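K.L.:
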Amino acid sequence: MIVMPGAPRWVLATVIGAALLAGRPGMVAATPITPQAAPAPVPSPSPSLTPEERAREAEKESLEEAEPAPSPSPSPSPSPSPSPSPSVAPIPPSPPAPSEEPTGQPTSTLIEKLPTFQDIEDIDLTTLLKLTAGEQGARTADDEPGLATVLSEEDIRRSGARTLTELLQTVAGLEVLTDGLGRARVVVRGVPGGTSAGSSENVLVTLNGMRLNDGVFGGATAVNLDLPIDNVKRIEIVRGPGSVVSGPGAVLGVINIVTEGVDTFRRDELTLGAGSFKSFLYNYRYGTTFHDVSLAGFMEYSYTGGPELDVLADAQTGRDRAQAPLGIRASSLAPGHTDDDRKSLDANLSMAYRRLIFHARLKKENAGGFVGLLDALGRQNRFATTQSNLSLEYRRDLSIGDLHARASYTDSRITEVFDVYPPDFTLLRGSTRVFFPGGVLFQEDLKSRRLGLDALLERRLAAHHSLAAGALLEHESTFGLRALTNFDFERQQPLPAFVSVPALVPDAGRTVASLYAQDAWNPTSRLGVTGGLRLDHYSDAGASLQPRLFGVYRFPRNLTAKLGYGRGARAPSFLEQFYGSPAFRANAALDLVRSDSLDATGIYRRKDLRLAVSAYRTWLRDGIGPDVEGIVAVGTPPPTFRNFAGIDARGIDLEAARTLSGSRSVAFVYSLQHAEESRTGRRLAGVPSHLGRLSATFGAGKYVILSPSLTVRGSRPRAAGDTRPDRDGYALFDLAARIHNFHPALELSAVVRDLFGTDYVDPAPVGGLPGDYPRTGRSLFIKAKYRF
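Just so we're aligned, residue 407 is where the sequence shown starts under the working numbering, counting upward by one.
#1: Taking Cβ positions, are L583 and V597 nearer each other than 8 Å?
#2: Exposed or buried, what is P1213 when buried is set at 16 or more other beta-carbons lying within 10 Å of its beta-carbon?
#3: I want to know whether the segment 1009 to 1025 touches the segment 862 to 877 - three or more CB-CB distances under 8 Å.
#4: My assumption, with CB atoms under 8 Å, is that T1103 sits in contact with R564. Please give the rounded CB distance.
#5: Report the start-end ranges of each alpha helix (DSSP H) in the segment 673 to 732 that is 4 residues or longer and not cut off at the edges.
#6: Quick one: Cα of T569 to Cα of S708, how far?
#7: Just mark G604 as buried or exposed, buried being the case when its beta carbon has 16 or more other beta carbons within 10 Å.
#8: Counting Cβ pairs closer than 8 Å, one from the segment 681 to 699 and one from the segment 1171 to 1188, do we hit at least three?
#9: Here's the rule: buried if 16 or more other CB atoms are within 10 angstroms of the residue's CB, otherwise exposed. What is F841?
#10: Use the C-beta contact count for R973: other C-beta atoms within 10 angstroms, 16 or more gives buried, fewer gives exposed.
#11: Could you tell me how far apart the beta carbons of K853 and F824 are, in whole angstroms, since I believe they sit closer than 8 Å?
#12: By a C-beta neighbour count over all protein chains shown, 10 Å radius and 16 as the cutoff for buried, is K1189 buried or exposed?
#13: Since R1133 and V1167 should fall inside the 8 Å C-beta cutoff, what is the C-beta to C-beta distance between them, to a whole number of angstroms?
#14: For chain C, check one thing: does any of its Cβ atoms lie closer than 8 Å to the Cβ of L1152?
#15: Between G579, R940 and Q849, which has its C-alpha nearest S906's C-alpha?
#16: Could you tell me which residues DSSP puts in a beta bridge with P871?
#17: Can you give me the Cβ contacts of V622 inside the same chain, cut-off strictly under 6 Å, excluding the 5 residues immediately before and after it?
#18: Enumerate in chain order the residues of its own chain whose CB-to-CB distance from I562 is below 7 Å, with the five nearest sequence positions on each side excluded.
#19: Tell me where the alpha helix (DSSP H) around T966 begins and ends.
#20: Roughly how many angstroms separate the alpha carbons of P1176 and G733, rounded to a whole number?
#21: Going by DSSP, name the residue or residues bridged to F671.
#22: Could you tell me which of S1155, G1173, Y922 and S1001 sits nearest to F1187, measuring between CA atoms?
#23: For D913, which residues of its own chain have a beta-carbon under 8 Å away from its beta-carbon, when the five flanking residues on both sides are left out?
#24: What would DSSP say about F895, mapped onto helix, strand or coil?
#25: Between D1005 and S1020, what straight-line distance do the alpha-carbon atoms span, to the nearest angstrom?
#26: Tell whether a beta-carbon distance below 8 Å holds between S738 and T832.
#27: For A590, I'd like the list of residues in its chain whose CB is within less than 6 Å of its CB, leaving aside the five on either flank, ordered along the chain.
#28: Beta-carbon separation of A811 and Y800 under 8 Å?
#29: Apply the 10 Å Cβ neighbour rule to R748 and answer buried if 16 or more other Cβ atoms are within range, or exposed otherwise.
#30: From which residue to which residue does the alpha helix (DSSP H) around L573 run?
#31: Is it buried or exposed for T1065, if we count other Cβ within 10 angstroms and need 16 for buried?
#32: Report yes if the C-beta distance between N892 and A903 is below 8 Å; otherwise report no.
#33: Using the beta-carbon count (16 or more within 10 Å), is V668 buried or exposed?
#34: Using a threshold of 8 Å, state whether the C-beta atoms of L779 and R645 are closer than that.
#35: Who does H1149 pair with in a DSSP beta bridge?
#36: Do you know whose CA, among V699, E675, A1039 and G615, lies nearest Y692's CA?
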């Protein structure tokens, strides 16, 4: 096959770069992100094969043999320069393995330390990606202080997940629920990541270290309705507070998405996909090196018509029944169906030149509003979101240590249009009836910018002792705000027309200044201790001091024990402090949200087996939520945000994984969790006590790999005052299949979700959708990937 050298890469890189910069006129420098700035890669002089490509070559050669040779083939050698992607936290210095004596021989490479293999599927690629380079040997994330889960590219492929929300369902202690607008709500160890605005504001989400949480909603899932993972190298997940090293917002956890970097991906790759609900996908990845400049990036466009799930009754149905004896005509659009079509464009570009690395990202989405803002079906419930990110990183080795600096800028824009109440809605005000032939409408444009600088200095004090210290300065503000409606929700009375209401969306801004330090010390070959402290000062919310202390002890016979404590905090979002809407009223007097977590973990690991059990306690304090549970009745002003007492959670996470020869593996995760309101001791509504997942991978013939999985969720209790019965648990069976090695450049894959068509729902609040929020059900998606 003849390929024009470099042409498609440069053309696409130019187009994406122009789209990123031209699509956001007026973009200037920088927003703060996680403190660890990524090292600038050293571009390779020529586009040599990456480790992934060498592994595929070894895999192809192995499978081409009629009868595999009994002796293992040699392992591929690693790329000469590191990936530019940042890790969740700075890696502490590594002591020698307890059973090893240092020698004067050169240290072998990480891949050479792995077992040799006959087929690439025999490698536990999760272990490969968790390896870190130590002074005296290879180590895994299990050996380091702190609690983190690393999902490799191979983990993602085997799961069949296409988006971040699908993938998070496979992690112990994590769950993703859907709200009435179809947005994802992440639940971490039984504690909801969002208790106010539906954006998972207590969970920090980063992309290559760049924060995706926006300033208006506070979380990442309002402006990013979902995130594609076809272009991801790995995902790092911390369950528990991570503010010390990751920055503001890491109250309950941190999710860092690491894409392929400029020094690990050098080829062109096209992926096409189609499936149920008129869904399709186009994805193009590229990577190239030209002299001292390296480029890598991707562009993905996806669309789905949505399953259009049945809604037999909505919140308006109950109001219609109550007004029927008065002769008022029903206005509910139920029975009807959900509005869940979605189209999305995601473009990323990374460029490295010597000590500098530049990142640019553009994300645009347009989607239906699922059920509606107040759980009433409408004819024009829509979202339009745009997020742009720019960052410039610099690294230099100084005599006093390694300097990492980053400047970044984030621009987030959300436009929402809602039928709050449907056409022909009738409002009763005493003996007066107010008729709305077009319904009660609400539209808002919410835009924010974040500009920041951060710097980190890492210094090695001794062979097994290092210190990292840094500072961050950022400013976040709103612009171009607008709210229009034909109803005064505060006074519960009509307005003369569909008019602008500036008082609902006043301008807001804040400046954050942070100082932080982390000390990593391995006093012996078996003991490691990491301690950190972070001070954040918010111009509008005061200061917060957050400590972190973790220890790890490596016993003989492959046993490791960890114990840790951490605190996280965040400031109220602009929406919580200043913006009114049909659903909530703001409160400028809100305090900081904070959480404390205590974790104890035991790990047993052999060459092909890993067992881990973690026990935890989490205390969320001064959480922000409405002062009235659920959706209030018409005629009542919206509930007001306030700091509630908190949530207490405790539980156990269990993880087990076994890798076998011949493309076979099995994994099991289970969480036993209990979350309760700290003031009343009542069990938290909508949170099951049991979460579990059993998965396996095995070969079916020469070319096919199958990955079945069974996901289980326990029953969910209702909130106080909700007369509906508890929701029963359910089990979902998924099947992913991959067909490869039948062609040197082509790979096919397919995934069936909910193979047996189980009907299941996510919980709706009291006063909302009577039958809860219906979920997708059975679906099929097929992809074809071609590597140039």
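All C-beta atoms, glycine included, are put in the ideal place defined by N, C-alpha and C.
As the structure is a prediction and not an experimental result, all values here were calculated from the model.
P.N.:
Quick look at the numbers:
#1: no
#2: As displayed, the chain neither begins before 407 nor continues past 1194, which places residue 1213 out of reach and without an answer.
#3: Touching, no.
#4: 5 Å
#5: 721 to 729
#6: Separation of T569 and S708 (C-alpha to C-alpha, rounded to the nearest whole angstrom) is 11 Å.
#7: buried
#8: Under the 8 Å Cβ criterion, the segment 681 to 699 counts as touching the segment 1171 to 1188, having at least three qualifying pairs.
#9: Looking at its Cβ environment, which holds fewer than 16 other Cβ atoms inside 10 Å, F841 is exposed.
#10: buried
#11: Their Cβ separation, rounded to whole angstroms, is 18 Å, which puts K853 and F824 out of contact at 8 Å.
#12: buried
#13: 7 Å
#14: No chain C is part of this structure, which consists of one protein chain only.
#15: For the set G579, R940 and Q849, the Cα lying nearest the Cα of S906 is the one of Q849.
#16: Sequence check: residue 871 is His here, not Pro. H871 is bridged to A868 and W927.
#17: L852, S854, F980 and L981
#18: L573, I635 and V638
#19: No alpha helix (DSSP H) contains T966, which is instead part of the beta strand (DSSP E) from L965 to R976.
#20: 23 Å
#21: Bridge partners of F671: none, in fact.
#22: Residue nearest to F1187 within the set S1155, G1173, Y922 and S1001 is S1155 (criterion: CA-CA distance).
#23: Hits under 8 Å: S883, T884, F885 and L887.
#24: F895 sits in coil when the DSSP states are folded into three classes, being neither helix nor strand.
#25: 7 Å
#26: no
#27: T571, V582 and T627
#28: Their beta carbons are under 8 Å apart, which means A811 touches Y800 by this criterion.
#29: buried
#30: L570 to L574
#31: buried
#32: yes
#33: So V668 counts as buried.
#34: no
#35: Its beta-bridge partners do not exist; DSSP assigns none.
#36: E675
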